[in-house]
Structure formats: structure tokens, C-alpha cells
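Numbering (our numbering), first residue to last: 29 to 748. First the structure, in the form of C-alpha cells, and then the observations on it.
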């Protein structure tokens, strides 16, 4: 058989009319009006030598067809080819239709095994592919040293799994599957593939035992609120000419320790360690489209175009043509981060694929892996043309299996779920279960936006359903918008700009969004569900927003607003989240969507880190304060409500007294452009942070009664 190019379809039939299996016992037939006026008084179904009449239940004209709904009077046998004959002697193949989106189909073909994909040994390799509607499946193998492929038939087993064992050492062999569905052959890459050729054109068989390494012991993480997350992009992190890194833009570049800029300042991993955060969150590093791996610097991409969910991206490796290089080097990156005492959060994009029609999912089982609207068309809640149907059993299994693979094989420490609101509650809780089974300190956070996808509201993994996702953190967009102003209205000024209209919303956000005041509408049941942020890879950086809002204001004022907003993130209840470079006023020159902008826009500017060193040190000091004093990371809502008291200040001034287990502290915030004398409780108070400095080492002491606050500043006081 001529297989043609990868991804091309090979159709072996011309159809006079169309027949679809839409339910286990229902066949829909569409006869064109141009064919016998669309009329037939009877239909027969055949399979091999067996024939059986269909019962016509209904007939209706739709557009240029007569539509017949027919009852199948015998059990349908999946994996075999059926034909439908009309009264005129015409015939058509019975195609798999909407049956694949029924609960009955989902139950019938659920596979519990953990061996999909390739199980390799030096003696033999076993291949398994779940393709329940396929009538034939073949394995295509190619020794990379030759141009010729070997085609091997696979055997259908229970619940739609096809398998074959090849008894020889297949290490480095390239492989794909040839799948026949609805009389069409398609060549596909294994959805469970763990290694790929350059640009992911073919799967590659590798021995992962050769790449394994022990995970270092990490400092304890007792509660998610003890985490401080630092988001970056592997290429952005080191590509700057003055990063001091050898392997710029690569996995190995992130792994380099002790790197310094030209003026001797720490950069890269050692700098992030010194800053004091606990987790580095990386934008996607599974295989994605948008960058030519063989010419990686010709294009840029954030990585939200997933192709192969279980194979590392090759553009970050030193040799994308070597299937082992990307695996070894990603593992080295993660290992060095662990050696530095930090953890790794992986940004995962299980909500959609790059191009639905070209994905392995759609070629293997058309229509199953994606949601469809009431018109039968693919839904588009993600905005990129397709929504993964996570509520279907084998889709959910794929996501959970993939998460487990990254935890076990690459030792990642957490996941950030892109557009988590597309996914369903049950899937996310299954993800939580597998994470809890493998560790007690694995973070799961996600974007719980309510997106327009055909999933019942009560099943969406979004903020509205946070009570059903009790151990999963969600990005708090109300925190973001109340502190800095609306993300989608560039010129809207938030509380940190001195906008007193955001005062009550800001107080609630700073207190964890858990209903601090009885009259407040809580967003989360517990503080560890709230991921607090004002900047991430999306939208304008905070600095760019401030410049747009205040174009004629002195840079010193803009810096104060930036410092105050970032300080609020670090001292609020919940999980603080920083965008890399936020601490040195990161700019993208006003670019609000830099997903494919050049390195000059996206790179982390290490010269800027030196320029704004004082601000870096200030943020570093606030991180130390947060880590040293548990009152800024209370673990339960009841503690926040019972152990924090607001001081009677005039809005928008904010003062809060924290009654910690071992300390009393005061947080004071002045977002206005004026000095204010603020009354505080009696006693001797050590100043840990003011407008200029922040540290666990106090700069001075003030007597109870009052303190002068600088414009646009925060103070942290510790009772002596």
C-alpha cells in the first residue's frame, strides 16, 4: 500500500450516499436528492456474508438530502467493515458517526491498562494503540540508517486496543501508525509518544532507563501558601547577550549555576535562588508548534501550540535531531533546579491541540477527543479552534496518565493548567489524586476562567466551582484587577494607583479573597486556593501599564507604584506569583501579546536587573519577610478572620494588625501621593519595611502612637 506523506488521507471509496452509526442501534442515512430523488423504500446492512434489513423509523428532507433514521436490529461489531445497500442496488460504507460521543460508547471502550504507547526492552518492544473504531491498524517502522520502512499488521484486542510485539532491539527506530477509519487511511504519531524526531515528525523508540536519575531531597513545603512562584520562559530566561550564560536559550542554559553579567551581578538560576522564591514555573516545554527545531532562532513562540504532550520540546536542546538530547538536557535542567533547593512547575496545555484536523487524536478517532456544539461543529471556548473533551473517559485517562508520566519520569513538582476552565471538575480531581499519591507537596494551579464551551456549568473546573476543587489553586483575576486595574482596559487604574474605588476589593484580595468581612463575597473557601498576581506572560507587563496610565509622571513615582503593587502580591494571604523580571520593572515595550514577538521583546533583560538593583533588593527583602513570618501566609480562613484586625484609617489608607502565633505585626499601605501620619497601637515597633528598604533586619524602631508614611508605600512593623 502506498502510504504517501504523513498526514495525507487515502480514501478507498466513492460514496453515492452516506450512512452513519450515531447510536448503538441507530443509523442515519443521507441520500442526495440528485440520486433517485433521495428516495429508497428499504435499506439492508451487510457485513461479510451476513445481511440484515434496517427498519426505517423516520424520513425528513434537509437541504439537498433525504435524511433517514433507521434502527439496527442486531448488535454492531466495532472493528469490522459494514456496508449499507439501498433498494436501487447502490451501496455505501457505514461510517462511524455521533456514536463516539455517547455515554454507552464511552463505557464500552474504556481501557484501564497503563501500557499504551511503546514498552521497550533490548529484546523486544510492545506497541499498543487505542483505536476502537478502526477497521485496520498497522505499525510503520524505520531504521533511521535507511530510507525504507517496514509495515506490520497489528491485532485488535479488547475495548478497541490494537497491539503488536516486535522481537528485536528497536532502539532509535522511528515509528508511526497507519489507521483505517471510515475507509480512510491516516498516518499518525503515537499520542503516547515519549521521544520524537526533529520537529516531531515521527515517534522515536528510546530506552528511558538510560536517562533516569535520582531526585535530590528538597526543603519541606508544608502548605501551598509557603510557595512563592516565579514564572519564566526557557528561552527568555538566558537568551539576553549579557546573561552570562553559555547555552543561551536552552535547557542547559537554565541549568548553569553561578552565572554573572558583565558587571559581576548574579544572573540565571543562581540569581533566582538568591532572590528567595521557592518554585520556578516554566511556560510549556512539551513538544509544540511554532518554532522550527532545526532553525530555532528564526521564530519565537511561548509554546501554547501543543503537538506531543509527553515529549520535550526540541528547540531548547543542543541537538533536536538526537532524540535523547532533549530528554537528557531537560532532566539536567530540572535536576540543577532541584540541587539549588527550588521546585519546578510545568505549564501544561491539555485544553486544546495546535490544529485539530492534524492532531493524532482526531486522526485516530475522529470527533471523540473534542467537544462539538449543538450544530455538530467543533466548539471554540479556547479561542484557537478546538476544546478538548476532558469529560470523556479516555480523554481524562490520557490527561491523568500524562501528568503521572511527567511526575515520575521528569520529577516535576507541580502543574499550571492553561485555561483550566475548559476542563471538567472530575478530571482535575483525578489529577489531584494521582499527584497526592506520588507526593504530599505537589502544587496544582490553573486558570479557572468561565469559558464558552458546551460543558454544563456545574462541571467546569472554574473559579465558580472552587468548592468542588478544594486542593487546587486558581489564578485570582479579581486580585489582579483590583490592585493594578483592569487587564482589559489599559488605562483603568487600580488600588495601587491610589484609586479608592477599589479599596474594599483590595482589602478582600489582600486577605485571601475568603470573605474577610462578613458582608464580603468570598471567592475561595481557603487562602491556598488563591494565586495572587498582577503580572504574568499574558497581557501588558505592570511597568508598561503604568507607563500607559501615567505617561507624564516622573519615573520615580511610577517605580513607587510598581514597588507597592508587587509588595502587595508578596504580603497578601494566598500563593504569591511573580512574572520573571517583575522585580526589575520588566518591559515588553508596550507589546500586550508577545507570544510570537522577537527575543528583543521577550528576553529577560539582565542589564535592567542591574539598573534597578535597589528595587530587586527591596523585593528580595519582602520575600524574606514573608518566609520568616507566618502571619503573611495563614493557612486557614478562620485564622485570617480571627487573627487580623483592620486599623481605623481613612480610605484608601489600609492598616492591618496581625496577631500571629509568635508575633504581632502591622501592615500599612498608603497608595496616595501624600504623606500621612498613621495611628498605630501602643508599644515599641521595629520597622522591617518602609518606602525605601525591606529586610528581616529592622532599620529602626518607632514608639506606638503613630508613624509617618511616605507617599505610595507600604510599611511592615514587628512588635518588639
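Every residue, glycine too, gets a C-beta built ideally from N, C-alpha and C.
Pairwise C-alpha distance: residue j and residue i
i: residue 371; j: residue 557; result: 19 Å
i: residue 241; j: residue 688; result: 41 Å
i: residue 111; j: residue 199; result: 42 Å
i: residue 345; j: residue 73; result: 54 Å
i: residue 579; j: residue 695; result: 30 Å
i: residue 189; j: residue 157; result: 6 Å
i: residue 217; j: residue 390; result: 11 Å
i: residue 58; j: residue 214; result: 25 Å
i: residue 548; j: residue 536; result: 7 Å
i: residue 544; j: residue 708; result: 21 Å
i: residue 193; j: residue 182; result: 9 Å
i: residue 451; j: residue 671; result: 36 Å
i: residue 756; j: residue 223; result: This structure gives no information on residue 756, because the portion of the chain shown stretches from 29 to 748.
i: residue 637; j: residue 140; result: 51 Å
i: residue 420; j: residue 129; result: 8 Å
i: residue 411; j: residue 618; result: 23 Å
i: residue 509; j: residue 500; result: 21 Å
i: residue 629; j: residue 481; result: 33 Å
i: residue 534; j: residue 697; result: 11 Å
i: residue 611; j: residue 249; result: 24 Å
i: residue 474; j: residue 76; result: 51 Å
i: residue 585; j: residue 719; result: 12 Å
Neighbourhood of residue i by C-beta, 6 Å cutoff - its chain only, sequence neighbours within 5 removed
i: residue 329; result: 318, 319 and 624
i: residue 519; result: 577
i: residue 358; result: 279 and 340
i: residue 631; result: 264, 267 and 268
i: residue 388; result: 216, 217 and 219
i: residue 29; result: Confidence is the limiting factor: at residue 29 the pLDDT is only 28, short of 50, which leaves the residue's position unreliable, though a coordinate-based value still follows. No residues qualify anywhere along the chain.
i: residue 61; result: 92
i: residue 660; result: 599 and 654
8 Å Cβ cutoff met for residue i and residue j
i: residue 287; j: residue 273; result: yes
i: residue 466; j: residue 496; result: no
i: residue 301; j: residue 369; result: yes
i: residue 648; j: residue 303; result: yes
i: residue 170; j: residue 176; result: yes
i: residue 621; j: residue 560; result: no
i: residue 12; j: residue 679; result: Only positions 29 to 748 of the chain appear in the structure, and residue 12 is not among them; the question remains open.
i: residue 94; j: residue 117; result: no
i: residue 238; j: residue 366; result: no
i: residue 289; j: residue 571; result: no
i: residue 494; j: residue 502; result: yes
i: residue 127; j: residue 52; result: yes
i: residue 258; j: residue 606; result: yes
i: residue 487; j: residue 453; result: yes
Whole-Å CB distance - residue i paired with residue j, under 8 Å assumed
i: residue 722; j: residue 716; result: 7 Å
i: residue 348; j: residue 209; result: The pair is not a contact, with the Cβ atoms about 31 Å apart (cut-off 8 Å).
i: residue 316; j: residue 333; result: 5 Å
i: residue 55; j: residue 122; result: 7 Å
i: residue 253; j: residue 603; result: 6 Å
i: residue 668; j: residue 731; result: That belief does not hold up - the Cβ atoms of residue 668 and residue 731 are roughly 28 Å apart, past 8 Å.
i: residue 440; j: residue 374; result: 5 Å
i: residue 378; j: residue 445; result: 7 Å
i: residue 654; j: residue 598; result: 5 Å
Contact set for residue i: own chain, Cβ-Cβ below 7 Å, skip 5 residues either direction
i: residue 490; result: 449, 476, 477 and 478
i: residue 115; result: 68, 69 and 70
i: residue 384; result: 390, 398, 406, 413 and 414
i: residue 677; result: 683 and 706
i: residue 167; result: 155, 180, 182, 192, 203 and 205
i: residue 235; result: 148 and 199
Status (buried if at least 16 other CB within 10 Å, exposed otherwise) for residue i
i: residue 673; result: exposed
i: residue 470; result: buried
i: residue 78; result: exposed
i: residue 331; result: buried
i: residue 699; result: buried
i: residue 403; result: exposed
i: residue 137; result: buried
i: residue 11; result: Outside the displayed range of the chain (29 to 748) lies residue 11, so it cannot be described from this structure.
i: residue 608; result: buried
Test: residue i CB closer than 8 Å to a CB of chain C
i: residue 70; result: Reference to chain C is not applicable here, since this structure consists of a single protein chain.
Other residues of its chain near residue i: CB distance less than 8 Å, five sequence neighbours each side excluded
i: residue 461; result: none
i: residue 360; result: 279, 280 and 283
i: residue 83; result: 98, 99 and 101
i: residue 322; result: 226, 227, 348 and 349
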